[in-house]
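Undergrad: Have a look at this one.
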Amino acid sequence: MANHKSAEKRHRQSLKANARNKAMKTRVRNAVKAVRTAVSEGNADQASVALTQATSILDTAAQKKVIHWRNAGRKVSRLSQAVNQLRSA
Numbered sequence: 226m227a228n229h230k231s232a233e234k235r236h237r238q239s240l241k242a243n244a245r246n247k248a249m250k251t252r253v254r255n256a257v258k259a260v261r262t263a264v265s266e267g268n269a270d271q272a273s274v275a276l277t278q279a280t281s282i283l284d285t286a287a288q289k290k291v292i293h294w295r296n297a298g299r300k301v302s303r304l305s306q307a308v309n310q311l312r313s314a
């Protein structure tokens, strides 16, 4: 346990940040899962709506430094590719 007042505050702040980051990562996983589920079911309309939401969530997570910006870009790219293949098929 921290012995100094500033260290105690820092610990409290780190716990809050940890909770925020954990929640954001969960949102990211759920959004990606929604797109993949819609693609696997073959529902193009639902997949495109889910892709829009997932893109927004991934961009926010990257902006807040919860995930790396290249990781977010890669996920958006791969999800978009899957949705586009579904539309063209």
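Residue numbers for the sequence shown follow the working numbering, beginning at 226 and rising by one. We put the CB at the ideal spot given by N, CA and C, even for glycine. Source: prediction; values computed, not measured.
1) Give the single residue among 231, 249, 267, 239 whose Cα lies nearest to the Cα of residue 292.
2) Got a sec? Which residues, its chain only, sit under 7 Å from residue 300 by beta carbon, not counting five neighbours each side?
3) Buried or exposed, going by whether 16 or more other CB atoms sit within 10 Å of the CB of residue 240?
4) Throw me the rounded Cβ distance for the residue 297 and residue 286 pair, which I believe falls under 8 Å.
TA: By the coordinates alone:
1) The candidate whose alpha carbon is nearest that of residue 292 is 249.
2) 257, 283.
3) So residue 240 counts as exposed.
4) Between residue 297 and residue 286 a beta carbon distance of about 6 Å is seen, short of the 8 Å cut, so the two are scored as contacting.
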